[in-house]
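Line by line, the protein sequences are chains A and B. Just so it is clear: in the first sequence, position 172 is 172 by the working numbering, and no numbers are missing. Convert by adding 390 to the 1-based position in the second sequence; the result is the number in the working numbering. Every residue, glycine too, gets a C-beta built ideally from N, C-alpha and C. None of the values given here were measured: they were computed from a predicted structure.
Protein chains: 2
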Amino acid sequence: MIDFYFWNYTRVVFGLEAEKELESHLELLGDKVLLHYGGGSIKQIGLYDTVIKTLKKAGVSFVELGGVKPNPRLSLVYEGIELCRKEGVTGILAVGGGSVIDSAKAIAAGVPYDGDVWDFYTTDKNPDKALPIGVMLTLPAAGSETSTGSVITKEEGELKRDTGSPILRPQFAILNPKWTLSLPWYQTACGISDMFAHIMERYFTTVEHVELTDRMAEGAMKTIIHQAYRLKENPDNLDARSEIMWAGTVAHNDILHTGRIGDWATHMIEHELSGIYDIAHGAGLSIVFPAWQKYMLDKHPQKIAQFAHRVFDIDYYQDDIKETARMGIKRLEEFYRDMELPVRLKDAGIGTDRIREMAKKATRDDKIKLGNFHKLDSKAIEEILHLAAE
Amino acid sequence: MIDFYFWNYTRVVFGLEAEKELESHLELLGDKVLLHYGGGSIKQIGLYDTVIKTLKKAGVSFVELGGVKPNPRLSLVYEGIELCRKEGVTGILAVGGGSVIDSAKAIAAGVPYDGDVWDFYTTDKNPDKALPIGVMLTLPAAGSETSTGSVITKEEGELKRDTGSPILRPQFAILNPKWTLSLPWYQTACGISDMFAHIMERYFTTVEHVELTDRMAEGAMKTIIHQAYRLKENPDNLDARSEIMWAGTVAHNDILHTGRIGDWATHMIEHELSGIYDIAHGAGLSIVFPAWQKYMLDKHPQKIAQFAHRVFDIDYYQDDIKETARMGIKRLEEFYRDMELPVRLKDAGIGTDRIREMAKKATRDDKIKLGNFHKLDSKAIEEILHLAAE
Numbered sequence: 001m002i003d004f005y006f007w008n009y010t011r012v013v014f015g016l017e018a019e020k021e022l023e024s025h026l027e028l029l030g031d032k033v034l035l036h037y038g039g040g041s042i043k044q045i046g047l048y049d050t051v052i053k054t055l056k057k058a059g060v061s062f063v064e065l066g067g068v069k070p071n072p073r074l075s076l077v078y079e080g081i082e083l084c085r086k087e088g089v090t091g092i093l094a095v096g097g098g099s100v101i102d103s104a105k106a107i108a109a110g111v112p113y114d115g116d117v118w119d120f121y122t123t124d125k126n127p128d129k130a131l132p133i134g135v136m137l138t139l140p141a142a143g144s145e146t147s148t149g150s151v152i153t154k155e156e157g158e159l160k161r162d163t164g165s166p167i168l169r170p171q172f173a174i175l176n177p178k179w180t181l182s183l184p185w186y187q188t189a190c191g192i193s194d195m196f197a198h199i200m201e202r203y204f205t206t207v208e209h210v211e212l213t214d215r216m217a218e219g220a221m222k223t224i225i226h227q228a229y230r231l232k233e234n235p236d237n238l239d240a241r242s243e244i245m246w247a248g249t250v251a252h253n254d255i256l257h258t259g260r261i262g263d264w265a266t267h268m269i270e271h272e273l274s275g276i277y278d279i280a281h282g283a284g285l286s287i288v289f290p291a292w293q294k295y296m297l298d299k300h301p302q303k304i305a306q307f308a309h310r311v312f313d314i315d316y317y318q319d320d321i322k323e324t325a326r327m328g329i330k331r332l333e334e335f336y337r338d339m340e341l342p343v344r345l346k347d348a349g350i351g352t353d354r355i356r357e358m359a360k361k362a363t364r365d366d367k368i369k370l371g372n373f374h375k376l377d378s379k380a381i382e383e384i385l386h387l388a389a390e
Numbered sequence: 391m392i393d394f395y396f397w398n399y400t401r402v403v404f405g406l407e408a409e410k411e412l413e414s415h416l417e418l419l420g421d422k423v424l425l426h427y428g429g430g431s432i433k434q435i436g437l438y439d440t441v442i443k444t445l446k447k448a449g450v451s452f453v454e455l456g457g458v459k460p461n462p463r464l465s466l467v468y469e470g471i472e473l474c475r476k477e478g479v480t481g482i483l484a485v486g487g488g489s490v491i492d493s494a495k496a497i498a499a500g501v502p503y504d505g506d507v508w509d510f511y512t513t514d515k516n517p518d519k520a521l522p523i524g525v526m527l528t529l530p531a532a533g534s535e536t537s538t539g540s541v542i543t544k545e546e547g548e549l550k551r552d553t554g555s556p557i558l559r560p561q562f563a564i565l566n567p568k569w570t571l572s573l574p575w576y577q578t579a580c581g582i583s584d585m586f587a588h589i590m591e592r593y594f595t596t597v598e599h600v601e602l603t604d605r606m607a608e609g610a611m612k613t614i615i616h617q618a619y620r621l622k623e624n625p626d627n628l629d630a631r632s633e634i635m636w637a638g639t640v641a642h643n644d645i646l647h648t649g650r651i652g653d654w655a656t657h658m659i660e661h662e663l664s665g666i667y668d669i670a671h672g673a674g675l676s677i678v679f680p681a682w683q684k685y686m687l688d689k690h691p692q693k694i695a696q697f698a699h700r701v702f703d704i705d706y707y708q709d710d711i712k713e714t715a716r717m718g719i720k721r722l723e724e725f726y727r728d729m730e731l732p733v734r735l736k737d738a739g740i741g742t743d744r745i746r747e748m749a750k751k752a753t754r755d756d757k758i759k760l761g762n763f764h765k766l767d768s769k770a771i772e773e774i775l776h777l778a779a780e
C-alpha cells in the first residue's frame, strides 16, 4: 500500500424521491445559479420542470445553458464561462450525465481564472479556484458526480483531454434511480462499461499489499456484472437500476483507489478513439480494455489471473497463470458482447487507418508514456489498437 | 436498497510519514487547541513529542488534557468542557484510539451546549454544534476517526451510552500504521474484533437488493481475517498493519452502510457487558456476536449462510441453509479463538448472575427493543447472554 490522501466531501442524496432534497441544498450554490444541461431527455422525464419549480420556490435566480453533447465541447464551456461572468453566477447546477457535469466543472474552473480554461486540460496547471457545483444525475456512468475529474473535447484537432482537482468535486449530488428508467439500452450499457472500467483502471496496479481495496473492487465488479445481466433481462428493474447507479458513483469516488496507483492508459487511448470517431466513451472502453489486457498477458499475468478467478469465478488452471488470465479476458469480452457493446474496432465501424495517428496523439508525439501497470509508448499503443482490430 | 444520505467529509492522511501533514491541517482547529490523549503510550512511541513540536512550530497555542481511559468516562468529559470554556479553546486534537476520539467528541459537543452533555447520550437530542476535531490515530478499532458516533461511560450506574451527529465527524484524521507496531497483541486483537463487528452490524440486515454493499463488506471481512492471521504470525508486519488500519476506518466510515439498515443490537448488549465489567469492547463483541448469530439461526438463517459461504468459503450444505449458517458461526468462533479473544462469558471471567440486570438495562426496563435484523426484548437478550455462557 502506498501513502495516500483521501477527501471526498460531496453530499450524496440517493433515493426514489431524492429531488425533494434539492431545495435544502441550493444554498451551497449561492444566490445566482447556472442551470446546465444537455438535450431534451431531462424535459421528457419531467426533471427539468421539477428543477425550475424548485429554483423558483426557493427564490433562487438562475440562467440556463443547455445543449451539452456527449464528449462535451470546449466551445460550449467558453460560452458558459462568458455567461456566468456576465450574469454574476455564484454556482452551477448540472442536471444530466457525466458530460453535463464535466462541462459544468470546466465552466466552474474557468470563471475565476484569468487565462484560458483549456490550460488546465493541456498543461500541468490544475484549478485551485472554482464555483461550487451541484448535480442531479440522470446517467450512471462517469462517476463525475463526486469525482475530481473533468474531460473536455476541443473540436479543433479532435482533442479530448482531462483535468482534475479536489476543488472540482461537486458540493452535492442528487441521485434518483427512477430517472434512469427511460435510458435506451445502449446508453445504459455504455454507462455500465464506463463504471466497470473505472474500477479496472484502479484494480490493475503493480502496488502490492492492497488486499482491502482489491477485494472491495472485486465485489463491486461482481455486482455490476450480475446487476447488468438482470437489467438486460428487464430494463425496468428498479432494484437493479439502484445497484448500478450507486455502483457508478462508488467506482469513481476514490474509496477503491486508496493506497494504490491506477493505470488509466486504457482511458487515454479511448480518448483518442472517441476524440476522432465521436463514439460513446463506454463503447470505446469495451473495445480497448480487452486488447490492453491481452497486451499485458506476457507482462503481468498474475493480476489478470486474480481478476479472472475472483471476478469471473474461473478456477486456476493447473499452474498455468497465463491460461487462467486468458480465460478471464475471454469472459470479459463475453460480458461486453452480452451487453451489446462493441469489442473490436470494426464492431464500431472503425478501421485501422488512423491507428498510428491515435498512438502519436496519445503520447503527444512520443513525449510521454501512458499508464502505470506497464508504461506504454506509441509503438505499444499501436500494438494494442491492432489487437483491438483482430 | 433504501434511500440514503451519505456525507463523510473527513480528510484522511494515511502513510508512513503522515505526521508531517499535521501542521498543514492545524488551521482547521482554530487558534487555541485542546490536546487530548490517554496514558503514556503516545509518549513511549514519540508521538507526543512530535505533536508538541508541531504545535509550537505552527505557533498554535494549546492546553492539554490526558488521562482518557478505555471506555472513556463522563467525569473527564466534564473536566474537558470546563477547561475548554475557561481557556477559550477553538478545536480539539485527539491523539490516541477510539476512546480518546469519543471523549474529544463529547467535549466538542458539550462546550457550545447550555445543558448537560449527557443529554445527547440519554435522550433523542443530538448535538447540532461542536468544536472542530482533528485526530491522530494510534489504534485501529473503533473507526471513530471519521465516524459520526461517540460512546461514553457514566461511572455512576455503570452506564455506557452513545450519541451521533454528522457534525461530530473529525475534520481530519492522520493515520500512520507505524504507530500501531508497539500495540500489545490483545489490544490489536480487540481492535480487529471491533472493526469486524462494525461490518457485521451493517451486513446483517433484512433490507434486500444490497448486493454492492454486501459484496464490498464481504471483501473487507475476508481481508480483515486474512491480515489478522498474518499479523498474529508476525506483529511487526507493517503491510498487514496498514491493511488492518485502513480496514478499521472503512468499516465505520458509512460507505458500507449506504442503502441499508444496520442492526447494532450486539453493540448495545456489549455496552452493558463492558459498562459493568469494564472489559475491552472488542472482547465483549467476540463473546456476544456468535451468541447473537446462534439466536438468529432459526429466524434469518439465509443471511448467516451467505456470510458463511462468502466470507468463510463454506460450501452450501445440500439444501440445508441452517447447517451452512451454523458452520459459519463455528468458523467465526474459531477465528476469534485464534486471535486469543474470549468467545464465552467465562473466558472473560464473567458469570451469569447479572444477565437479567444487563438485559433490563439494555432495554431501559423493557421500554425499548434492540436491533433491526430481529427486534430483541429483554427476554431475548437474556437468552443471547445465556447462549454466550454455554
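### Task
Quick one: list the residues of chain B neighbouring Ser242/A, beta-carbon separation under 7 Å, in chain order.
Counted from its first residue, the first sequence places residue 242/A at position 242. Simply Met391, His599.
### Task
Helix, strand or coil for Gly486/B, going by three-state DSSP, please let me know.
Counted from its first residue, the second sequence places residue 486/B at position 96. Here Gly486/B sits in strand by DSSP.
### Message
Taking the beta strand (DSSP E) that Thr324/A belongs to, which residues open and close that run?
### Response
In the first sequence, the residue the question calls residue 324/A occupies position 324. Premise fails: Thr324/A lies in the alpha helix (DSSP H), 321-338, not in any beta strand (DSSP E).
### Message
Here's the rule I'm using: 16 or more other beta-carbon atoms within 10 Å means buried, otherwise exposed. How should Ile52/A be labelled?
### Response
Your numbering for residue 52/A matches position 52 in the first sequence. Within 10 angstroms of the beta-carbon of Ile52/A lie fewer than 16 other beta-carbons, which makes it exposed.
### Query
What whole-angstrom Cβ distance do Thr258/A and Phe4/A have, given they're in contact under 8 Å?
Stepping through the first sequence from its first residue, residue 258/A is reached at position 258. Stepping through the first sequence from its first residue, residue 4/A is reached at position 4. Contact annotation, Thr258/A with Phe4/A: C-beta distance approximately 5 Å; criterion of less than 8 Å satisfied.
#### Entry: Cβ neighbours of Ser463/B in the same chain (closer than 7 Å, five flanking residues each side left out)
If you number the second sequence from 1, residue 463/B lands on position 73. Checking the sequence, you will find Arg at residue 463/B rather than Ser. Within the same chain, Arg463/B has close Cβ partners Thr543, Glu545.
### Message
By the 7 Å beta-carbon criterion, what residues does the segment 217-231 of chain A contribute toward chain B?
### Response
Answer set for the segment 217-231 of chain A: Glu218, Gly219, Ala220, Lys222, Thr223, His226, Gln227.
### Query
Is Phe394/B helix, strand or coil when you go by DSSP?
Taking the first residue of the second sequence as position 1, residue 394/B is located at position 4. In the structure shown, Phe394/B sits in a strand (DSSP, three-state: E or B).
### Task
Using beta-carbon positions only, say whether Pro184/A and Arg241/A come within less than 8 Å of one another.
For this step, residue 184/A is matched to residue 184 along the first sequence. For this step, residue 241/A is matched to residue 241 along the first sequence. For Pro184/A and Arg241/A, no; Cβs fall outside 8 Å.
### Message
Which residues in chain B have a C-beta closer than 7 Å to the C-beta of Tyr203/A? List them in chain order.
### Response
For the purposes of this step, residue 203/A is taken as residue 203 along the first sequence, with counting starting at 1. Neighbourhood of Tyr203/A in chain B, by CB distance below 7 Å: empty, with the nearest CB roughly 12 Å away.
### Message
So, for Tyr9/A: in the same chain, excluding its five sequence neighbours on each side, which residues have a beta-carbon less than 7 Å away from its beta-carbon?
### Response
Position 9 of the first sequence holds residue 9/A. Once the five neighbours on either side are set aside, the close Cβ partners of Tyr9/A are Arg169.
### Alpha-carbon spacing of Arg592/B relative to Gly539/B, whole angstroms
The residue labelled residue 592/B in the question sits at position 202 within the second sequence. The residue labelled residue 539/B in the question sits at position 149 within the second sequence. In a straight line, the C-alpha of Arg592/B is about 15 Å away from that of Gly539/B.
### Message
Can you look up Ser75/A in the DSSP assignment and give me helix, strand or coil?
### Response
By one-based count along the first sequence, residue 75/A stands at place 75. Look at Ser75/A here: in three-state DSSP terms it is helix.
### Message
Determine, for Thr258/A, whether the minimum Cβ-Cβ distance to residues of chain B falls below 8 Å.
### Response
Counting from 1 along the first sequence, the entry for residue 258/A is found at position 258. With 8 Å as the cut-off, Thr258/A counts as an interface residue toward chain B.
### Task
For the alpha helix (DSSP H) containing Gly282/A, list its first residue and its last residue.
Numbered from its first residue, the first sequence carries residue 282/A at position 282. That run of the alpha helix (DSSP H) goes 281-296.
### Message
Using only the alpha-carbon positions, how far apart do Leu735/B and Asp552/B sit?
### Response
As a first step, residue 735/B is located in the second sequence; it is residue number 345 there, counting from the start. As a first step, residue 552/B is located in the second sequence; it is residue number 162 there, counting from the start. The alpha-carbon atoms of Leu735/B and Asp552/B are separated by roughly 23 Å.
### Task
Give me the Cα-Cα distance between Glu383/A and Tyr295/A, rounded to the nearest whole angstrom.
As a working note, residue 383/A is residue 383 in the first sequence. As a working note, residue 295/A is residue 295 in the first sequence. Near 8 Å, if we compare the C-alpha coordinates of Tyr295/A and Glu383/A.
### Query
Which residue spans inside the segment 486-555 of chain B form an unbroken beta strand (DSSP E) run of at least 3?
List check, beta strand (DSSP E) in window: 523-527, 539-544, 549-554.
### Query
Is it right to say Tyr121/A is buried, meaning 16 or more other beta carbons lie within 10 angstroms of its own, or is it exposed?
Translated into positions along the first sequence, residue 121/A becomes position 121. Label assigned to Tyr121/A: buried.
### Message
8 Å is my cut-off, CB to CB: does Trp7/A come that close to chain B?
### Response
Here the question's residue 7/A lines up with position 7 in the first sequence. Yes, Trp7/A lies at the interface with chain B (some Cβ there is under 8 Å from its Cβ).
### Query
In terms of alpha-carbon separation, which member of Lys57/A, His36/A, Glu79/A, Asn126/A lies closest to Gly97/A?
Taking the first residue of the first sequence as 1, we reach residue 97/A at position 97. Of the listed residues, the one whose Cα sits closest to Gly97/A is His36/A.
### Message
Quick check on Ile518/B - is its C-beta less than 8 Å from some C-beta in chain A?
### Response
Reading the second sequence from its first residue, position 128 is the one you call residue 518/B. Note on identity: in this sequence residue 518/B is Asp, with Ile being the wrong assignment. Taking CB atoms only, Asp518/B has no neighbour in chain A less than 8 Å away.
### Query
Residues of chain A with CB under 9 Å from Ala695/B, in chain order?
Within the second sequence, residue 695/B is the residue found at index 305, counting from 1. Going along chain A, no residue has its Cβ under 9 Å from Ala695/B, so there is no contact; the nearest lies around 18 Å.
### C-alpha distance - Ala106/A paired with Trp292/A, whole-angstrom precision
By one-based count along the first sequence, residue 106/A stands at place 106. By one-based count along the first sequence, residue 292/A stands at place 292. Between Ala106/A and Trp292/A, the alpha-carbon positions lie close to 30 Å from each other.
### Message
Would the segment 275-289 of chain A count as touching the segment 336-355 of chain A if we require 3 or more Cβ pairs under 8 Å?
### Response
Enough Cβ pairs lie closer than 8 Å, so yes.
### Message
Is any non-hydrogen atom of the ligand COA found closer than 7 Å to the C-beta of Thr205/A, if you look at the structure I gave you?
### Response
Absence of the ligand COA from the depicted structure is noted, as is the absence of any ligand whatsoever, leaving it without description.
### Message
Rounded to the nearest angstrom, what separates Pro556/B and Met729/B at their Cα positions?
### Response
Position 166 of the second sequence holds residue 556/B. Position 339 of the second sequence holds residue 729/B. Distance between the alpha carbons of Pro556/B and Met729/B: 34 Å.
### Query
Is the CB-CB distance between Gly67/A and Leu76/A below 8 Å?
Reading the first sequence from its first residue, position 67 is the one you call residue 67/A. Reading the first sequence from its first residue, position 76 is the one you call residue 76/A. With a cutoff of 8 Å on beta-carbon distance, Gly67/A and Leu76/A are scored as near each other.
### Task
If I'm right that Gly262/A touches Asn126/A with Cβ under 8 Å, what's the distance once you round it to whole angstroms?
Taking the first sequence and counting its residues from 1, one reaches residue 262/A at position 262. Taking the first sequence and counting its residues from 1, one reaches residue 126/A at position 126. Between Asn126/A and Gly262/A the Cβ distance is about 17 Å, and since that is not below 8 Å, they are no contact.
### Query
Under the rule that 16 or more other beta-carbon atoms within 10 Å means buried, what is Glu19/A, buried or exposed?
Reading the first sequence from its first residue, position 19 is the one you call residue 19/A. Residue burial is scored here from C-beta neighbours: Glu19/A has at least 16 other C-beta atoms within 10 angstroms and is therefore classed as buried.
### Message
How far does the alpha helix (DSSP H) with Ala391/A in it extend, from its first residue to its last?
### Response
Lying outside 1 to 390, the shown extent of chain A, residue 391/A is not represented and no answer is given.
### Task
Take Thr180/A as the anchor and find which of His209/A, Asn237/A, Ala251/A has the nearest alpha-carbon.
The sequence position of residue 180/A within the first sequence is 180, counting from 1. Nearest in C-alpha terms to Thr180/A, of all of His209/A, Asn237/A, Ala251/A, is Asn237/A.
### Query
So Ser24/A is in the alpha helix (DSSP H); what residue range does that whole segment cover?
Locating residue 24/A in the first sequence gives position 24, counting from the first residue. From DSSP, the alpha helix (DSSP H) with Ser24/A extends over 22-25.
### Query
So is Arg605/B in contact with chain A if we call contact Cβ pairs under 8 Å?
Position 215 of the second sequence, counted from the first residue, corresponds to residue 605/B. Flagged as an interface residue toward chain A: Arg605/B, by a C-beta distance shorter than 8 Å.
### Message
For a contact defined as C-beta to C-beta under 8 Å, what are the partners of Ala247/A on chain B?
### Response
Counting from one through the first sequence, the residue named residue 247/A turns up at place 247. Simply Leu602.
### Message
The alpha helix (DSSP H) that contains Ile564/B, what's its start and end?
### Response
Within the second sequence, the letter at position 174 stands for residue 564/B. Premise fails: Ile564/B lies in the beta strand (DSSP E), 562-565, not in any alpha helix (DSSP H).
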